[in-house]
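Under our numbering, residues 143 to 339 are what the sequence shown spells out, in order.
Every residue, glycine too, gets a C-beta built ideally from N, C-alpha and C.
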Amino acid sequence: MALLYKIGNNPIIAAVRKLEDIEKALESKVDNVFFMGGNAKDIIHAVRLTKEAKKGAFIHLDLIRGLSSTDRESVDFISEYVGADGIVTPKSYLIKEAKRVGLYGILHLFMLDSLALTNGVSLAQNILPDGIEIMPGVITKIIHTFSETLSEVPIIASGLIHTKEEVKEVLHAGATSLSVSDMALWNLSFQDLQDNN
């Protein structure tokens, strides 16, 4: 199944930094959770709860203590023991490993300047990840460039998104969804964003 079908039904993905926030994420309208903190042991439990709630679970590999963000074995561990749907990483070879073991691979890119944009687009075109997470998520010009250049790849905006208006702007720029840690936004649906409220 293409990642678009997994993340495309709801504009908001809960970015959970502290595992004590998992309950709020699971009670919200989000369909997917990005785990951006905790340790390897806690993640196993959190992913199990997420799957029981019939939500997608994605692991930010670089942000989980006890998992190496450089070893292919971490990808195998997530596939075999954690049971997540996919990983998020800036490392292209780990995206390839994720695909090898049947996980979604989301390429995490931080847009610092024009060179980062050029290199990010080139890298994404070469490895064709299942999705691209762009930080900071409020740079609509960058999001537009990626969504136009890689039109078949879901674009996930992440970082510095705090208002409903910012969510609307980012979606209008071409993002498929947004990974946000602000719990006040977790219950926004596409219908909420179409209203003139």
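Next on the checklist: Just list the residues that DSSP pairs SER300 with in beta bridges.
Outcome noted: Here residue 300 is taken as the residue at index 158 of the sequence shown, counted from 1. Beta-bridge pairing links SER300 to SER321.
Checklist entry - What does GLY152 pair with, by DSSP beta-bridge criteria? => result Start at 1 with the first residue of the sequence shown, and residue 152 comes out as number 10. Gly is not the amino acid found at residue 152; the sequence shown has Asn there. DSSP output for ASN152 lists no bridge partner at all.
Checklist entry - What is the residue span of the beta strand (DSSP E) that ASP199 lies within? => result Walking along the sequence shown from the start, residue 199 turns up at place 57. One detail in the question is off: residue 199 reads as Ala in this sequence, not Asp. It spans 198-202 - the beta strand (DSSP E) in which ALA199 sits, taken as one unbroken run.
Item to check | Any 3 or more C-beta pairs closer than 8 Å across the region 277-293 and the region 159-167 | outcome: Flag = no, the region 277-293 and the region 159-167 do not touch.
Checklist entry - DSSP three-state call for GLY273: helix, strand or coil? => result For this step, residue 273 is matched to residue 131 along the sequence shown. If DSSP states are grouped into helix, strand and coil, GLY273 belongs with the strands.
Next on the checklist: Let me confirm a value: SER216 is counted as buried when at least 16 other C-beta atoms fall within 10 Å, else exposed. Which label applies?
Outcome noted: By one-based count along the sequence shown, residue 216 stands at place 74. Under this definition SER216 is a buried residue.
Item to check | Nearest-angstrom Cβ-Cβ length linking LYS171 and ASN152, presumed shorter than 8 Å | outcome: Residue numbering aside, residue 171 sits at position 29 when the sequence shown is read from its first letter. Residue numbering aside, residue 152 sits at position 10 when the sequence shown is read from its first letter. Correct: roughly 6 Å between the Cβ atoms.
Checklist entry - Where DSSP assigns a beta bridge to VAL175, which residues make up the other side? => result Translated into positions along the sequence shown, residue 175 becomes position 33. Its beta-bridge partners are ALA156 and ALA199.
Next on the checklist: Assuming TYR101 is part of the alpha helix (DSSP H), what are its boundary residues?
Outcome noted: The shown model of the chain, from 143 to 339, leaves out residue 101, and the question about it has no answer.
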